[in-house]
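Using the working numbering, the first residue of the sequence shown is number 7, and each one after it goes up by one. One structure below.
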Amino acid sequence: MIPFIDLNAQQKLIRNKIDKRINQVLDHGQYILGPEVKELEDKLSSFTGSKYVLCCSSGTDALLLSLLGLKIKPGEGVIVPAFTFASSAEVMPLLGAIPIFVDVKRDTFNIDPSKLSSALTTAKDIGISVKGIMPVGLFGQPAEMDLINAFAKNNNLWVLDDAAQSFGGMHKDKIVGNLSEVAATSFFPAKPLGCYGDGGAVFTNDKEIYEIANSSHVHGMGKKKYEYDRIGMNARMSTIQAAILLEKLEIFPEELQKRQIVADKYNKNLNNLNLGIELPKINKNFKSSWAQYTILLPEKINRDKLQEYLKSKNIPTAVYYPIPLNEHRPYNKYPVSQSGLDVTYYLSRSVLSLPMHPYLKDDDIIYISENINNFFKTLR
Ligand SMILES: Cc1ncc(COP(=O)(O)O)c(C=O)c1O
């Protein structure tokens, strides 16, 4: 089977360095809040240009800590796309807040800025005070932050970027982590920058947001040990994960370039086939971290059958996401913007993600494209 994501190829390259880093942690024994965590925070701060970085236990906890930093209160609303992973919306109800679902754009899979106004009106009509917007950089491309930030400013809202998938992406000269008031990313192993367990980080230039998130990630600690300022959680990053990430961060820029080359090759091959497949569009002035390479299949194609066919040829595929979030039982009571979710429903039926990682070989990309072509030919 061609790997969907090949963590082994990467590990082979840096295994010695990772072993050395892990051994250093075993030697000093500070498994929690050890020096590697601070070192990683400093390096991530230089990498993104974000003044404050807080490493934590997962991408979901990074979102939760960001919301705590933004002082969200029960009953308040946050506008979030319906076409995303559960974490983006689950953190609101965990704090008693309300996700308001809005549609995304067909070509970028990201929140549609032209529909924010309708989402806001929907919430107002039912008496919900909206405090913020949570765009998601789905599959690696950041959302259209200029438009979203401008809308937020005009309406006195904050913007929390769910950058779990888009870490490493860019908008103009700014790197993800630094495109809005606060951003949260995930270091889940399969993410563009992943560790060997769970991990995440919060990025902000706002001291107060950072301080609240920092305190909250260690039980709401105050200035002194065993002195508490607030209700918090246990959301620290393990030192060993920080040690692993430090080595992975070294090769991350090069890996991002390699992912771009893989995406370009897919685009070229699939485009040449003229099958009516819609390819992922990267907006001008944006760079994707290519967490996923996701195509849109023509309506006539049976996605299950295509997946089965490709699997029989040792090509794994995935559907992110087959069901809009608002359709799931825990979420179906939350408001949906009056502008509807037509694109979300369409994408749920049509998306297909192909193998994507920096070490995907040219021959594999050709083989995958050829087999997609062969399946389409069987239908003619
Ligand atoms: C869009 C999005 N948000 C949040 C998360 C949560 O990250 P984690 O799995 O590290 O909690 C993920 C991870 O899968 C994600 O894809």
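The beta carbon of each residue, even a glycine, is placed where N, CA and C say it ideally should be. What you are looking at is a predicted structure, and each value in this text was computed from that prediction instead of being measured.
Inset, instruction - Examine ligand 1 and report whether any of its heavy atoms sits within less than 7 Å of the Cβ of T114. - result: Distance from the C-beta of T114 to the nearest heavy atom of ligand 1 is not below 7 Å.
Legend entry - In chain order, each beta strand (DSSP E) run of at least 3 residues that lies wholly inside the stretch 62 to 108: For the stretch 62 to 108, whole beta strand (DSSP E) runs of length 3 or above, ordered along the chain, are 83 to 87, 104 to 108.
Inset, instruction - Specify, as a first and last residue, the run of the beta strand (DSSP E) that A189 falls within. - result: In the DSSP assignment, A189 falls within the unbroken beta strand (DSSP E) covering 188 to 192.
Inset, instruction - Take the Cβ of E42 as the centre, count every other Cβ of all protein chains shown within 10 Å, and call the residue buried at 16 or more, exposed below. - result: When all chains shown are included, E42 counts as buried.
Legend entry - beta-carbon G175 near ligand 1 non-hydrogen atom, thresh 7 Å: Outside the cutoff, so no.
Inset, instruction - Check each candidate in K49, R309, L60, G65 and name the one with the smallest Cα separation from D204. - result: The shortest C-alpha to C-alpha distance from D204 to any of K49, R309, L60, G65 is the one to G65.
Inset, instruction - Report whether the distance from the Cβ of D167 to the nearest heavy atom of ligand 1 is below 7 Å. - result: Not under cutoff, so the answer is no.
Legend entry - Host beta strand (DSSP E) of T300 (start-end): The continuous beta strand (DSSP E) containing T300 extends over residues 299 to 302.
Inset, instruction - Return yes when the C-beta of F91 is under 7 Å from any heavy atom of ligand 1, and no when it is not. - result: Between ligand 1 and the CB of F91, the shortest heavy atom gap is smaller than 7 Å.
Inset, instruction - Determine, using beta-carbon pairs with one atom in the stretch 364 to 381 and one in the stretch 121 to 132, whether at least three such pairs fall under 8 Å. - result: In short, these stretches do not touch, since the Cβ pair count stays below three.
Inset, instruction - Out of M98, F53, N29, state which residue places its alpha-carbon closest to the alpha-carbon of D179. - result: Nearest of M98, F53, N29 to D179, Cα basis: F53.
Inset, instruction - Would you mind stating whether S172 and V182 have Cβ atoms separated by less than 8 Å? - result: The answer is yes: Cβ separation under 8 Å.
Inset, instruction - Taking L60 as the reference, give the member of A219, P361, S295, F91 with the closest Cα. - result: Per the C-alpha coordinates, the member of A219, P361, S295, F91 positioned closest to L60 is A219.
Inset, instruction - Starting from D167, trace the alpha helix (DSSP H) both ways and give me its first and last residue. - result: If you look at D167, you'll find it isn't in any alpha helix (DSSP H); it sits in the beta strand (DSSP E) that goes 164 to 168.
Inset, instruction - Indicate the three-state DSSP secondary structure (helix, strand or coil) for G346 in the structure shown. - result: It is coil, neither helix nor strand.
Legend entry - Heavy atom of ligand 2 within 7 Å of V182 beta-carbon: In the structure shown, ligand 2 is absent; the only ligands present are ligand 1.
Legend entry - Bounding residues of the beta strand (DSSP E) (the contiguous stretch that carries I283): Bounds of any beta strand (DSSP E) do not take in I283, whose DSSP letter is neither H nor E.
Legend entry - Rounded straight-line distance, which links the Cα of I11 to that of A190: For A190 and I11, the gap between their C-alpha atoms comes out near 22 Å.
Inset, instruction - Note down, in chain order, each residue of its chain lying with its Cβ closer than 8 Å to the Cβ of L255, except the 5 sequence neighbours on either side. - result: Around L255, the same chain offers L46, K49, L50, F53, L199 as residues with beta carbons nearer than 8 Å, after the five sequence neighbours per side are excluded.
Inset, instruction - Compute every distance between the C-beta of L358 and the non-hydrogen atoms of ligand 1, then say whether any falls below 7 Å. - result: For ligand 1, not one heavy atom lies less than 7 Å from the Cβ of L358.
Legend entry - Range of the contiguous alpha helix (DSSP H) that encloses F53: That run of the alpha helix (DSSP H) goes 41 to 54.
Inset, instruction - Tell me whether M7 is buried or exposed, calling it buried when 16 or more other Cβ atoms sit within 10 Å of its Cβ. - result: M7 comes out exposed.
Inset, instruction - Taking all protein chains shown into account, decide if Y37 is buried (16 or more other Cβ within 10 angstroms of its Cβ) or exposed. - result: Label assigned to Y37: exposed.
Inset, instruction - Report the option in L71, K111, A158 whose CA atom is closest to the CA atom of G143. - result: For the options L71, K111, A158, the alpha carbon positioned closest to that of G143 is the one of K111.
Inset, instruction - Tell me whether E396 is buried or exposed, calling it buried when 16 or more other Cβ atoms sit within 10 Å of its Cβ. - result: Any answer about residue 396 is impossible in this case: the structure gives the chain only from 7 up to 386.
Legend entry - Nearest residue (CA-CA) to N211, options H225, R242, Y58: It is Y58 whose Cα lies nearest to the Cα of N211.
Legend entry - Reference A95, options Q298, N338, F382, F381, closest by Cα: Proximity to A95 across Q298, N338, F382, F381 peaks at N338, based on C-alpha coordinates.
Inset, instruction - Just mark G138 as buried or exposed, buried being the case when its beta carbon has 16 or more other beta carbons within 10 Å. - result: Classification for G138: buried.
Legend entry - Expected contact under 8 Å - CB spacing of G119 and E150 to nearest Å: One point to set straight first is that residue 119 is Pro, not Gly, in the sequence displayed. About 5 Å separates the beta carbon of P119 from that of E150, a gap short enough to meet the 8 Å contact definition.
Inset, instruction - Would you be able to state if there are at least three C-beta pairs under 8 Å between the stretch 262 to 277 and the stretch 345 to 363? - result: At 8 Å Cβ cutoff, the stretches touch.
Inset, instruction - Mind checking which residues open and close the alpha helix (DSSP H) that includes F157? - result: 151 to 160 is the span of the alpha helix (DSSP H), which, as asked, contains F157.
Inset, instruction - Pick out whichever of L74, D152, S294, N273 has its Cα sitting closest to the Cα of G175. - result: The option with the nearest alpha carbon to G175 is S294.
Legend entry - Candidates L276, N291, W296: closest to L302 by CA position: Considering only alpha carbons, the answer is L276.
Inset, instruction - Spell out a yes or no on whether the stretch 97 to 104 and the stretch 278 to 294 are touching, meaning 3 or more CB-CB pairs, one atom from each, closer than 8 Å. - result: Taking a cut-off of 8 Å for Cβ pairs, the stretch 97 to 104 and the stretch 278 to 294 do not touch, as fewer than three such pairs fall below it.
Inset, instruction - To the nearest angstrom, report how far apart V224 and D67 are at their CA atoms. - result: Between V224 and D67, the C-alpha separation is close to 12 Å.
Legend entry - Contact between the stretch 79 to 89 and the stretch 230 to 240 (3+ Cβ pairs under 8 Å): Segments in contact, no.
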